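First the structure, in the form of structure tokens, and then the observations on it.
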Amino acid sequence: MRIFGGVYGGAVHRGDHPVEVINPADGAVLATVDGVSAAQAEAAISSARAAFPAWAALPDEERQRLMLQCADIIEQHAEELATLLTQEQGKPLNGLGSRFELSMAATWTRNAANLSLPVDIIQSDDEAHVAVHRMPLGVVAAIVPWNWPLLIAIWQVMPAIRAGNTVVLKPSPFTPLSTLRLVELLQDALPAGVLNAVVGDEAVGPMLTAHPDVAKVSFTGSSATGRRIMASAASTLKRLTLELGGNDAGIVLPDCDPDEIAEALFWSAFINNGQTCVALKRLYVHDDIYDGVCNALLAYARTVKVGDGRDESSQLGPIQNRLQYEKVSRLVERARADGARILCGGEPSEEDGYFYPVTLIADVTDGTPIVDEEQFGPALPIIRYSDVNDAIRRANATEVGLGGSIWSKDIAKARSLATRLECGTAWVNKHGPIRPDTPFGGIKASGFGVQFGPLGLDEFVSLHVVHD
Ligand code: NAD
Numbered sequence: 181m182r183i184f185g186g187v188y189g190g191a192v193h194r195g196d197h198p199v200e201v202i203n204p205a206d207g208a209v210l211a212t213v214d215g216v217s218a219a220q221a222e223a224a225i226s227s228a229r230a231a232f233p234a235w236a237a238l239p240d241e242e243r244q245r246l247m248l249q250c251a252d253i254i255e256q257h258a259e260e261l262a263t264l265l266t267q268e269q270g271k272p273l274n275g276l277g278s279r280f281e282l283s284m285a286a287t288w289t290r291n292a293a294n295l296s297l298p299v300d301i302i303q304s305d306d307e308a309h310v311a312v313h314r315m316p317l318g319v320v321a322a323i324v325p326w327n328w329p330l331l332i333a334i335w336q337v338m339p340a341i342r343a344g345n346t347v348v349l350k351p352s353p354f355t356p357l358s359t360l361r362l363v364e365l366l367q368d369a370l371p372a373g374v375l376n377a378v379v380g381d382e383a384v385g386p387m388l389t390a391h392p393d394v395a396k397v398s399f400t401g402s403s404a405t406g407r408r409i410m411a412s413a414a415s416t417l418k419r420l421t422l423e424l425g426g427n428d429a430g431i432v433l434p435d436c437d438p439d440e441i442a443e444a445l446f447w448s449a450f451i452n453n454g455q456t457c458v459a460l461k462r463l464y465v466h467d468d469i470y471d472g473v474c475n476a477l478l479a480y481a482r483t484v485k486v487g488d489g490r491d492e493s494s495q496l497g498p499i500q501n502r503l504q505y506e507k508v509s510r511l512v513e514r515a516r517a518d519g520a521r522i523l524c525g526g527e528p529s530e531e532d533g534y535f536y537p538v539t540l541i542a543d544v545t546d547g548t549p550i551v552d553e554e555q556f557g558p559a560l561p562i563i564r565y566s567d568v569n570d571a572i573r574r575a576n577a578t579e580v581g582l583g584g585s586i587w588s589k590d591i592a593k594a595r596s597l598a599t600r601l602e603c604g605t606a607w608v609n610k611h612g613p614i615r616p617d618t619p620f621g622g623i624k625a626s627g628f629g630v631q632f633g634p635l636g637l638d639e640f641v642s643l644h645v646v647h648d
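Residue numbers for the sequence shown follow our numbering, beginning at 181 and rising by one.
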């Protein structure tokens, strides 16, 4: 399969920088993207810039109407897009996989469309009239990772265009196919130049983040890349929203029933094979129920089917790419060498593709790389604690702060402990659910700024005061 590498000015464009896309289920080349040149990326920015004044000037209701059409298009093409997504990303079609990602993409698009852009009146009387308007910024560069590629693209693009900005979207070179196709399809609803996408060589991302005609960068990805982007955007003082890596801890209190929480704990950690920013990545369990939780998780893990995502019965697919597969293998090997007990998994599959079994690791503690680093894969370290204050201290002893959770039958106590977790979102008796009406973002090295709802929309406007 050959596919265009750019959509800009309302049309698709082929470049001559080939980008090979691998199917992680067999390790073979799935498609070659005809990636764009630097001059073509420049043309994409120009087309976004040219489209900006008319898009920003459209009546609010008209932008909303066109965005609702986008949601319809996503739904009409959901099966085609889900199939492409499974082939390039590896996630199953079923369960919390590609079809789920597409349905969330339509939901979030509608939600962004229905947000309002209020004018705040600070004072209005004989003395003064002071109004705060929300104005669009201009061209937004949206840069996206490979784990939830379509949904994260929607999270960035839709509030940006809702506020009246235009966008140049850069998908990950690991998973560009479904996004390029989606952007092509959305040209039927949106005026030319409002939403553009480019895939090319490694120079394209840095070019977007340094370009003087880009007003804002909305980035989701690793903390290391986030630091580079912040440095690159400094000379033109761009606005930034950075949604970066995490190493979320979950703390299970001794009053929990292991059998009751095993399934929820499992999917908190293994959703999308652990390749989720807010997956539970370190599980702290009280001494009194440590063995019970390990056994209940193990019993549940044995029921989960890992296989090719196109097989309707698969619940988890392969790891998305070889680098990540090697990282997970290395972290598990190191834990084993350090004396950890591998309850299940721990051996890379002999099959083609990047299959790695569900892996539970017991008798492991802080200071081991699989606890201290973001594994971003299907391997969960289970750590023993005896004092909850100590568990909270250990949960917080990391440079990142995206999510966290407390598990207990005592909801009041759990809520109170949750406020002590240093992170953007702390859950009680669950881990990971996000909502389109609730701000989501990280603290510390997990980034800054929020997505979703009115506060997320405000990331894409400047405040303009009219005072008379
Ligand atoms: P990554 O940082 O390697 O890449 C993300 C994107 O940035 C890709 O499109 C990549 O091509 C681009 N990029 C790389 N270098 C760049 C540069 N110098 N300038 C501009 N763009 C550049 O991340 P990844 O491996 O694709 O994704 C995994 C990471 O993303 C994990 O750390 C995960 O926790 C994080 N993540 C965070 C959230 C969140 O909401 N906080 C959500 C999903 C994933």
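Quick reminder that beta carbons are idealized off the backbone N, C-alpha and C, glycines included. These numbers were taken from a predicted model, which means no experiment stands behind them.
Quickly, what does DSSP pair residue 463 with across the bridge? List them, please. 430, 562
Which of helix, strand or coil DSSP assigns to residue 325: coil
Please classify residue 503 as buried or exposed, where buried requires at least 16 other C-beta atoms within 10 Å of its C-beta. exposed
The ligand NAD heavy atoms versus the CB of residue 626: any closer than 7 Å? yes
Below 8 Å, can you find three or more Cβ-Cβ pairs linking the region 419 to 439 to the region 457 to 467? yes
Length of the line joining the Cα atoms of residue 193 and residue 614: 35 Å
Is the distance from the Cβ of residue 336 to the Cβ of residue 190 below 8 Å? Against a cut-off of 8 Å, the Cβ pair of residue 190 and residue 336 comes out as no contact.
Beta-carbon within less than 8 Å of residue 350's beta-carbon, same chain only, minus the 5 sequence neighbours each way: which residues are those? 321, 322, 323, 324, 377, 378, 379, 384, 385, 388
Taking the beta strand (DSSP E) that residue 493 belongs to, which residues open and close that run? Under the DSSP assignment, residue 493 falls outside any beta strand (DSSP E); it carries neither an H nor an E label.
CA-to-CA distance, residue 359 to residue 330, given in whole angstroms: Each residue's Cα considered, the two are about 6 Å apart.
Check whether the Cβ atoms of residue 623 and residue 604 sit closer than 8 Å, and answer yes or no. Contact: yes.
Which residue marks the beginning of the alpha helix (DSSP H) containing residue 384, and which one marks its end? 384 to 390
Under the three-state reduction of DSSP, which class applies to residue 250: helix, strand or coil? In the structure shown, residue 250 sits in a helix (DSSP, three-state: H, G or I).
For residue 291, count neighbouring C-beta atoms within 10 Å of its own C-beta (all shown protein chains included) and say buried if the count is 16 or more, exposed if not. buried
Rank 558, 542, 589, 625 by C-alpha distance to the C-alpha of residue 578 and give the top, closest one. 625
Counting C-beta neighbours from all protein chains within 10 Å, is the total for residue 585 16 or more, i.e. buried, or is it exposed? Under this definition residue 585 is a buried residue.
For the region 300 to 314 and the region 249 to 256, state whether three or more C-beta atom pairs, one from each stretch, are separated by less than 8 Å. no
For residue 548 and residue 563, I'd like the C-alpha separation in whole angstroms. Their Cα atoms are separated by approximately 11 Å.
What residue range is occupied by the uninterrupted beta strand (DSSP E) comprising residue 368? Counting along the chain, residue 368 sits inside no beta strand (DSSP E), nor does DSSP assign it H or E at all.
First through last residue of the beta strand (DSSP E) which encompasses residue 626: Element bounds for residue 626: n/a, residue is neither H nor E.
Answer yes or no: does any C-beta atom of chain B fall closer than 8 Å to that of residue 237? Among the chains of the structure shown, chain B does not appear; only one protein chain is present.
Roughly how many whole angstroms lie between the Cα atoms of residue 621 and residue 208? Take the alpha-carbon of residue 621 and the one of residue 208: they are about 36 Å apart.
Where residue 499 sits in the DSSP three-state scheme: coil
Taking Cβ positions, are residue 525 and residue 539 nearer each other than 8 Å? yes
DSSP on residue 574, reduced to helix/strand/coil? In the structure shown, residue 574 sits in a helix (DSSP, three-state: H, G or I).
Count Cβ pairs between the region 389 to 408 and the region 219 to 236 that sit closer than 8 Å; are there 3 or more? Yes, they touch.
Is residue 401 near the ligand FAD, in the sense that its beta carbon is under 7 Å from a heavy atom of that ligand? Judged by which ligands are present, the ligand FAD is missing from the structure shown, whose ligands are the ligand NAD.
Taking only three categories from DSSP, how would you classify residue 302? strand
By DSSP, does residue 375 sit in helix, in strand, or in coil? strand
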